[in-house]
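The UniProt record's numbering puts the first residue of the sequence shown at 1, with every later residue one more than the last. Heads up: the structure comes next, in structure tokens.
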Amino acid sequence: MRLILEIANDHLQILLVCLERDSRWSEKWSLGRAVASWSMGNLTFAGCTGEAGGELLFLPKRGRSEQDLEACDDSGKSNGSRRSRNGAFCEGCYDCQPRFEELPGAQYLRGDANATSSLWTVEGRCGTWPNWIAGRSPFLIVIDGLDECDHKGEVEDLIDSMLTFFDKNSFIPLRVFITSRVEQHIQSRLNVPGVRLDNLVDHCSNDDISAFLDVLFQDARRRNPVIQAYVRERGEWPNPSEKRKLVEHIGGSFIFASAVFKFIMGSNAGTHHQTTPMDHLPLALKMNPGLDGLYSQTLARSEHLPHLLNIISTIALLRAPLPTSGIAELLGIHTYEVINVLVNLQAIVQVPGTDDIPVTLCHTSLRDFLTNQSRAGRYFAHPRHHVRLYLSFLELELKIRRRRPLSIHKSECTPAVAFSLGYPLHRWDNGRRLFELSESDSAIRLCREALGLHPGSPELVHALADAIYCRAGHTASLTDFGEAISMYRQALLLQPSLHGDCWLSLNNLGNALQDRFLRVGTAADLDEAISLYCQAVELLPSPHPDRSMPPNNLGVALLARYQRAGAMADLREAISLAPEGLELRPAPHPERPWSLDTLAGALRDRSQRTGTMADLEEAISLYRETLNLRPSPHPFRSSSLNNLGNSLLDRHRRTGAMTHLKEAISLNREALELRPSPHPDRPLSLNDLGNSLLPHYRRMGTMANLEEAISLYREALELQRSSHPDLSPLLDNLCSALLDRYRRTGAMADLTEAISLYRKVLELRPSPHPQRLFSLNNLGHALLDHYRCTGTATDIEEAISLYREALELRPSPHGNRSSSLNSLGCSLLDCYQRTGAVADLKEAVSLYREGLELRPYPHPGRSDSLRSLSISLRHMYEATHALPHLQQAITHCNELLDSHYPVGHKYRVETLNHLASLLQKQFNTTRQQGELARIKMLMEEAKRLSALDTRHLAVPPGVKGVAREDG
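See below:
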């Protein structure tokens, strides 16, 4: 950090400093307005110093973002231009203050501006400070704009360095005052002892705003003859009353004060008649002081003009600003039409005086406003505008290439074409996922023609690969995927390994390979994609604005490999990569939803693997945030709907809450409506809706839900290729639904088809596939049902073997261990009933007891465990005649009737009869007369309910319930 400017009065000195932690900051911040003539109130310019070979830092113009500044003249990167700029600044200092040499610190500006020495650095010691500082009043450094710097890591480094400096030099008469919007990366660093955090809104002084307006209006009176004439005739303007109202309305915001003044001095103020600043002032008092309101009101003044939305969308979405002539060229309109729109927006947009200077935003919050649909409303800069801009860039560039097939120099181009050539691989970035099929075809046609005129251009080869890859996303054509991958490889060969955009070529090739893996399932594609992403991460330094992209894509690929192979190391690495992506993509970053999706997906997978409920809750929260960031008609809303719906379905399975299940069904229906045939992702939505309807059927018994689920699964399978990696979940879910229908209707054809499909799925999930456990359970269920219908001993033996393997995959404290315990217990109880082996019965009772302990009330599966355990205890009593077994069975039945099976429940009649039978057995042993009355009451209720409800008869003869689950 380097002292460059002192602003002083009798009591206070303010030192402005250069942020030298990143040389790019110095380069960008130096492009603001020179401060030689700047003054405010009674603070006057005092002194300035520089550092040998370095930049002088001028006071930055408020609201300039790094993106804005990148577009300015970058000729100052050479040492010669530094000397020129510093020398001009020094001359301005002397011109502004004739007695400048007498001011403290002015000696540092004498002679060659490049030979000046550094006053101090953050790491410096007190003894290195200039003598003129010693013994003077305390100094204050004011730093503004940290919240607008894109490179958060370097902001954090700067703050850490300052804190370290003050720890070592606590008695230095110096303090730092940072003014910033509340940003987590800034506030977290400053939340330490010795630093005071406060809300500056509570400390804004109307006197400061008044002084600020005085300066502005005084300058306006000197320059504007209309105001001069008005003052001569009517006196002071604005008068004290008007000024007081204006100051109170502004409410302490310098941004709003600046916008109000620009509105007052603007021409016509949105009307069709010539008006004066005096006419505008009363209207300014009606402006909304909230920035969103200010932006809406200002934009409304040009709403009646053609092309408003296209113009502001172009300004908001472009990677770097264009001049008015470039905007007009890109949109195919006249320059005067652009100026006509922007002239009424000068309160929020920096409109240059000539057609060749970039149009920039007065404050970066305007871009946030325009790119947030809920805030901007009808002024929303839709991401689809990227598609129009991309195609316009290609068409404009192609016009010049037709005239000059050889390489084109930027100096020979129009502003829009020069921009296009300056960002050849980045034009596609934010519009890639938004192209319609016809637009992808147009892009391919334009790119092929351009490449034919300029063969061997790595940028054009890469652009053609992008266009073909985009079309592959619509068509799912393996031919398109193959050509896109081939073109990406060719672009990498044509591109030097140290090229600044090499990381992007690696990243995009990885994307294409990963997408082909998702459709074909070739593990080599996924492994190569992961390797390419790793290379891209290494090539991209931490402060790079696109740093978040390769780590996020790497996380997605690792998650996909985990889902295929089940390696926990991949899942852990995917989760570890996610926080960096989220930190680099704060809201309203357009790519934030993808980072949220990646982390949420990884957490949901870990929850399914470990049973950790906290992971699932966090995943649901992240998915909700993603859905909120993708309001209708966002092109990826359907994906967010499915993700949230599926995570809510997971929570229903864990908690049994019907509200979660109903919301999941609603979300998945909406997603399916957004994916009509032939949408390539329609099979996924069909499958997801079926998955949410099936548990609703199991809970409520509505046959229509089951039939719809089977129909959805069959449609999804018809649309899915046999080699698709998502085939096994679809098969799994279809046969699970068929098994449900068999249990309802007794149709053996459904059971036979389910067993055949389950065997195929199990073959597709070899160990250690993370979904193998579900296939083991579900095939076991089907075989158990087949055994109960046919009595085939091999069926029960195979089912027991499958359940044992599944239980080993759910060691304690896995959240779903109780399901595997219950399933194995059921199969052992059936085996005991066939063979009479008491060892099987004892093991079943032990398994049921452990399962019941893992399902405390109100666990939704507790009733299954109670029911199964009471049945097995009855068999134990019959085998051993030990009365405690019978008494425990009675206790469990009483809990079922009291807490789980109310009147109307499908198992209440069965349980009433079961409890009556148990009490009869107990009476036969104890001869307690009171039990007879209870037995009679239970049987009468069962008879009465049976006459009213025949649902308990829907299960075919010989078929028993079994604990079940699906993946």
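Every residue gets a Cβ at the ideal spot worked out from N, C-alpha and C, and that includes glycine.
According to DSSP, residues forming a beta bridge with residue i
i	result
Q350	T360
L686	DSSP lists no partner for L686.
I143	I178
Among the options, nearest to residue i - alpha-carbon criterion
i	options	result
P680	E718, A882, L246	E718
D688	T276, H769, L730	L730
R855	N816, S302, A381, F212	N816
P277	G746, I311, W503, Q228	Q228
M748	F774, L493, L783	L783
A933	A916, A947, S210	A916
I209	K245, P225, E805	K245
N691	R653, L674, P678	R653
I315	G293, I339, Q297, G656	I339
T475	F435, A491, Y562	F435
E798	T298, Y787, L807	Y787
L437	L446, N507, G904, C470	C470
residue 969	R222, I264, G326, S205	For the chain, the structure presents residues 1 to 967; residue 969 sits outside this window and is missing.
residue 1056	V260, E483, T324, S899	Outside the modelled stretch of the chain, which goes from 1 to 967, sits residue 1056, for which no answer is possible.
L667	T655, L649, S677	L649
L693	P683, R682, E708, L684	E708
R401	H385, A418, G836	A418
T298	S632, R196, Y379, A320	Y379
First through last residue of the beta strand (DSSP E) which encompasses residue i
i	result
T179	174-179
Coarse secondary structure for residue i, derived from DSSP in three states
i	result
V192	coil
L398	helix
I327	helix
I575	helix
V247	helix
A947	helix
Y787	helix
D840	helix
R630	coil
D750	helix
V122	Residue confidence for V122 is low, a pLDDT of 35 falling below 50, so the modelled location carries little weight and cannot support an answer.
S23	In this prediction, S23 has a pLDDT of 36, which is less than 50 and means its spatial position is unreliable; what the coordinates show is noted afterwards. In this structure, S23 counts as helix in the three-state DSSP scheme.
E303	coil
W237	coil
F165	helix
E583	helix
R855	coil
L641	helix
T335	helix
D832	It should be pointed out that residue 832 corresponds to Tyr in this sequence rather than to Asp. If DSSP states are grouped into helix, strand and coil, Y832 belongs with the helices.
Contacting residues, own chain, Cβ-Cβ under 8 Å from residue i (five flanking each side not counted)
i	result
D615	L603, R604, R606, S607
E895	L866
F177	L140, I141, V142, I143
Y848	L821, N822, G825, S865, S868, L869, S872
Beta-carbon contacts of residue i that lie in its chain and below 6 Å, excluding the five residues immediately before and after
i	result
N643	Y623
L912	L938, E941, A942
I871	none
L394	L446
Where the alpha helix (DSSP H) through residue i begins and ends
i	result
P551	549-565
L308	308-317
residue 969	It is not possible to answer for residue 969, since the shown part of the chain is limited to 1 through 967.
T612	From DSSP, T612 is part of no alpha helix (DSSP H); its letter is neither H nor E.
Y907	Element bounds for Y907: n/a, residue is neither H nor E.
Y488	478-494
M287	From DSSP, M287 is part of no alpha helix (DSSP H); its letter is neither H nor E.
Own chain partners of residue i with C-beta closer than 7 Å, once the 5 adjacent residues on each side are dropped
i	result
C502	Q495, L539
N552	G581, W594, S595, T598
H892	L866, L869, S870
A484	A465, I468, Y469, A472, A512
Y295	I348, L366, F369
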